[in-house]
Every structure is written in structure tokens, then in C-alpha cells.
Amino acid sequence: MTSKIKSVAALAAIVLLTAGCTQTERTVSGAAIGGVGGAAIGNAVGGGTGALIGGLAGAGTGALVGRNTY
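Mature numbering (1 follows the signal peptide of the UniProt record, and there is no 0) puts the sequence shown at residues -24 to -1, 1 to 46.
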């Protein structure tokens, strides 16, 4: 069940980034998706501090990817 939810969430994230949105909307959604993913991975690896660092890194990367997606 959990793997299905993750698959649906991943597909939803891709659709959000590639839908007919403005560049600002893609940047914000990319930052949100990257931040949440980075925080989850960082928390699993390094606890609370890892979640903070992972969230910041993920948000920055997600914003860049979202901004440059056509």
C-alpha cells in the first residue's frame, strides 16, 4: 500500500512540474516537492539536523529544476 502511495505522489509531482503552469508556479512547486523529499531523506539518514539540511538542499534543487522545466 505504501509503495502505491509513493508512486502516485511521484507521478503527481511530475505532473505538477510539467503542467501548463507559469515559471513562478513551477519554481514554487519544485521547491516544495524537493524540500519535502529532502527533509524525509535527511531525517532517515541523520535525524532532525539531517532533515533540516536535506530540506534546504532539496528545496533549492527543486526550485532550480522546476524553474528550468519547460
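All residues carry an ideal CB built from backbone N, CA and C; glycine is no exception.
Exercise. Helix, strand or coil: how does DSSP classify Asn19 here?
Worked result: helix
Exercise. If Gly42 sits next to Gly14, beta carbons under 8 Å apart, how far is it from one beta carbon to the other, in whole angstroms?
Worked result: Incorrect: roughly 14 Å between the Cβ atoms, too far for contact.
For this session: Check whether the Cβ atoms of Gly26 and Gly10 sit closer than 8 Å, and answer yes or no.
Result: no
Problem set entry | Contacting residues, own chain, Cβ-Cβ under 6 Å from Ala(-13) (five flanking each side not counted) | none
Problem set entry | Inter-residue spacing [alpha-carbon to alpha-carbon] between Thr(-3) and Val21 | 34 Å
For this session: Taking only the alpha-carbon atoms, compute the straight-line gap between Gly(-5) and Gly38 and give it to the nearest angstrom.
Result: 18 Å
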